[in-house]
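Chains as they are written, first to last, in the working numbering: chain Z, 291 to 563; chain H, 49 to 387; chain D, 10 to 302.
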């Protein structure tokens, strides 16, 4: 089966003048010789400390950036040959938040996800509206359709952004720190939703998170990045190893098993100075 | 309500209001033309006195047309520019292009640059040349290898605008005492009846600018929520930014060329429309074309009738509306920041 | 070819048409002797009254306040932004305007409305007298005009002759105090100052009425300072400003005076009154008040 997405020996460096680059990446490569695949219907977790290249990876995968060396393939086709809109019909990114300068309604925001399917149209079609409504139902925000996004709580906005990504009807969903500012209830809901989507619709999911336990819980496979390089790739049990983690994160940890799910959990060994 | 329905409703209301205002403005003015006589002129009756014909058809009608075009152009430029800079408080004058255009005209007025080959250009030509220089400067300063970052665009626009405004101040300080009054008067806005050729050019420029801003208005919606997000949704952000910049600049330049510098319309009208119709640019841009025209028409009608037979500059009225409106905007925005 | 065009043009024109050249050299074709004149220039309004042509005047600006009869004429607005509608309603067959005071857009617009525009721009005393004659010829009051011009000329010559024998004090003439604007080369006031036997310290400070720094004005050590008042309110304030420079001869001798800007800066018949005022201020020992005002 062709993998949904594939990175083959990808290098990327931000140019020195680029203010957007993290400090550590200014003169060094942000990603070095990165190779991995994401299979269809897989939940693929990407973990690593700050400045390990996780954000850069998302940008490359969504064609915001193009690699300096190597290739990225979507469904077997090189990314460079695809238009941005074509990529957007295959890869849907769920960012952490959206700027709130303008008071769009939830429905307007979710409908934006339909743009890549008909970029030449000025207005969305009835079919687009149906897709949007389904996506809102899937994300559990159907009743918020007429609300302004700047009036929502953080958790509600997260789900709305997810709904927009779902409306893209892509086969691969890329989530960037989906639980970053959510409290427990929403973290749990998020996991439930992702699992349901993956199981019911076969949606491929790439999950970038620095919450190791979330990644371990949800992912079929994990990629551990450090300083732009792949350190480990495999099942959560294989990747989450005390020694490796200690070296990568620079602090002492204990890898244990979740009492209910039996998935690996990572505990920090808090220092007593 | 779907955006198309909202658009149709808004256009219907605005078109009616504009038509009513335009008709009413035909009856208002310093010349004592009775309503019956106005109607006689409009109906093309032979009984219409020649003076009345001149007043209604050569003075009032072209001026109304100029006001509608200038107001519409400014409002559309405002919508585009606010979307482009992701800032609902941006004004097209921040582009720097208006100052460049104004400088071109003042330069021509101060040095009487109307002799010989330059005469063909006319004030309108000087305005466009000035605008072109300013716009190119802004673009050159702001553009990076990758594209057109919005924050540098705003900065570049402000810098270029300040440069040309200062240059205008220098010109004012050396101009002949005799011409000073005229120059200062022009700088307050110079809406007047335009001859058919100029009106035609104005219509063409406005139409083109309108198209440049309207065409990518769906993409502009996506851009308003962050450039990276828009790229990830398939928007060709650089192309959209270039188009909107070109369109807004063309509209701003045209207004200065044909009606002099007029402020605040590009700020007030888009904002008011956004409050009423929501932030969807596909609805706002066409609505702004009508609403801006309506607003400026009303302002101009006031300007030419408040102290008749003397006339106020229309810029005076828009500024008087603008300042309190700005205060209101500021207060309503800060209230929203409270959780 | 040009001749043929001229002939054709002449043929199309009505029998009593008037072809005139205005003082700036533009040629106009009027349907007849103008009977309905709108004046956009206060000095022209004054002149028309002075030559008895006021019946032909149908519209004036808000600034046309002399003679009192002018205030009763219909108003068409200011000099910069007159109301075209009002002008058009008055059905003028001639509008008199000046590039030094009216805007070019104004005359362009009027010509678009097919209203002939007669442009004037007197910069020398001779131009003023010439304008009086031209307006007389234009309005069929040539006799009064030439009488007026002759009488004014006599007065001017009288002042000039008496003054030419006298010593020439240094004079600073202030058109506007802030920014400081003074008469220099080519300015009418400079010519008047020379006629009354004054040595204007700003005579070569530029062209026309340039701005000048206070330093440059003061460095001429003027013995007389003349302040133009506009609308009557400038006198006391401006005086104080100059009184600060105790070292100036003019301040020491208390010879700081005001004159009416309305008279001296409107290039109409009253300019000669202004000339005589200047003579009295510069050479009080010779030119006594005539009890005119």
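Beta carbons are placed, not taken as given, at the ideal position from N, Cα and C, and that holds for glycine.
Check, Outcome
"Whole beta strand (DSSP E) runs in the stretch 384 to 466 of chain Z with 3 or more residues, listed along the chain?", "462 to 466"
"Indicate whether at least one CB of chain H lies closer than 7 angstroms to the CB of residue 302(Z).", "no"
"Got a sec: which bits of the stretch 344 to 364 of chain H sit with their beta carbon under 7 angstroms from any beta carbon on chain D, in order along the chain?", "356, 357, 358 and 359"
"Tell me which residue opens and which closes the alpha helix (DSSP H) that residue 562(Z) is part of.", "No alpha helix (DSSP H) holds residue 562(Z); DSSP gives it neither H nor E."
"With respect to the alpha helix (DSSP H) encompassing residue 503(Z), which residues constitute its N-terminal and C-terminal limits?", "502 to 508"
"Please identify, using Cβ separations under 7 angstroms, the residues of the stretch 97 to 110 of chain H that lie next to chain D, in order along the chain.", "99, 102, 103, 106 and 107"
"Pull up the distance between the alpha-carbon of residue 244(H) and that of residue 303(H), whole angstroms please.", "16 angstroms"
"With the cut-off set at 7 angstroms, would you say residue 179(D) and residue 224(D) are in Cβ contact?", "no"
"Taking residue 190(H) as the reference, which of 206(H), 175(H) and 176(H) has the closest Cα?", "206(H)"
"Against residue 122(D), what residues of chain H qualify as contacts under a CB-to-CB distance less than 7 angstroms, listed in chain order?", "102 and 106"
"Could you pull out every residue in the same chain whose Cβ sits closer than 7 angstroms to the Cβ of residue 10(D), ignoring the five residues on either side in sequence?", "Low local confidence applies: a pLDDT of 47 at residue 10(D) is under 50, so the model's placement there is unreliable, and no value is given."
"Name, going along the chain, the residues of the stretch 387 to 402 of chain Z whose beta-carbon falls closer than 8 angstroms to a beta-carbon of chain H.", "388, 389, 391, 392, 393, 394, 395, 398, 399 and 402"
"Which residues, in order along the stretch 217 to 230 of chain D, keep a beta-carbon less than 7 angstroms from a beta-carbon of chain H?", "217 and 218"
"On a Cα-Cα basis, can you pick out the residue from 537(Z), 420(Z), 379(Z) and 391(Z) that is closest to residue 275(H)?", "391(Z)"
"In the DSSP assignment, the beta strand (DSSP E) including residue 553(Z) goes from what residue to what residue?", "Taken as a continuous stretch (DSSP letters only), residue 553(Z) belongs to no beta strand (DSSP E), as it is neither H nor E."
"Identify the residues that DSSP records as bridge partners of residue 29(D): which are they?", "37(D)"
"If we cut at 7 angstroms on Cβ distances, does residue 385(H) have a partner in chain D?", "Interpretation of residue 385(H) is limited by its pLDDT of 44, a score under 50 that renders its predicted location unreliable; the figure taken from the coordinates is listed afterwards. It does not; no Cβ of chain D falls within 7 angstroms."
"Here's the rule I'm using: 16 or more other beta-carbon atoms within 10 Å means buried, otherwise exposed. How should residue 420(Z) be labelled?", "exposed"
"Please list, in chain order, the chain D residues whose beta carbon lies closer than 8 angstroms to that of residue 368(H).", "Per Cβ cutoff of 8 angstroms: no residues; residue 368(H) is ~17 angstroms from chain D at best."
"Over what stretch of residues does the alpha helix (DSSP H) that includes residue 344(Z) continue unbroken?", "344 to 351"
"List the whole-angstrom C-beta distance separating residue 128(D) from residue 154(D), where the pair is believed to meet the contact cut-off of C-beta under 8 angstroms.", "19 angstroms between Cβ atoms; not a contact."
"Would you list, in chain order, the members of the stretch 219 to 231 of chain H that have their beta-carbon closer than 7 angstroms to a beta-carbon of chain D?", "224, 225, 226, 229 and 230"
"Against chain H, with Cβ distances strictly below 7 angstroms, would residue 93(D) count as a contact?", "yes"
"Under 7 angstroms Cβ-Cβ, which residues of chain H neighbour residue 90(D)?", "233, 358 and 359"
"For the beta strand (DSSP E) containing residue 361(Z), list its first residue and its last residue.", "359 to 364"
"Which one of 264(D), 85(D), 197(D) and 207(D) has the shortest CA to CA distance from residue 219(D)?", "197(D)"
"Since residue 78(H) meets chain D, which of its residues come closer than 7 angstroms, beta carbon to beta carbon?", "92, 94 and 95"
"Kindly give me the distance between the Cβ atoms of residue 141(D) and residue 158(D), rounded to whole angstroms, as I take these residues to be in contact under 8 angstroms.", "5 angstroms"
"Can you look up residue 17(D) in the DSSP assignment and give me helix, strand or coil?", "Because residue 17(D) carries a pLDDT of 48, less than 50, the predicted location of this residue cannot be relied on, and the following value inherits that uncertainty. In the structure shown, residue 17(D) sits in a helix (DSSP, three-state: H, G or I)."
"What is the DSSP secondary structure of residue 10(D), reduced to helix, strand or coil?", "Residue placement at residue 10(D) is poorly supported in this model, since its pLDDT is 47, which falls under 50; the coordinates still yield a value, given next. Residue 10(D): coil per DSSP, three-state reduction."
"Note the first and the last residue of the continuous alpha helix (DSSP H) segment covering residue 483(Z).", "474 to 491"
"At 9 angstroms on the CB atoms, spell out the chain Z contacts of residue 261(H), in chain order.", "Going along chain Z, no residue has its Cβ under 9 angstroms from residue 261(H), so there is no contact; the nearest lies around 13 angstroms."
"Using three-state DSSP, classify residue 299(H) as helix, strand or coil.", "helix"
"Spell out whether any CB of chain D is found under 7 angstroms from the CB atom of residue 55(H).", "no"
"For residue 71(H), count neighbouring Cβ atoms within 10 angstroms of its own Cβ and tell me buried if that reaches 16, exposed if not.", "exposed"
"Check each residue of the stretch 264 to 285 of chain H: if its Cβ is closer than 8 angstroms to any Cβ of chain Z, include it; give the result in chain order.", "265, 266, 267, 269, 270, 272, 273, 274, 276, 277, 279, 280, 281, 282, 283 and 284"
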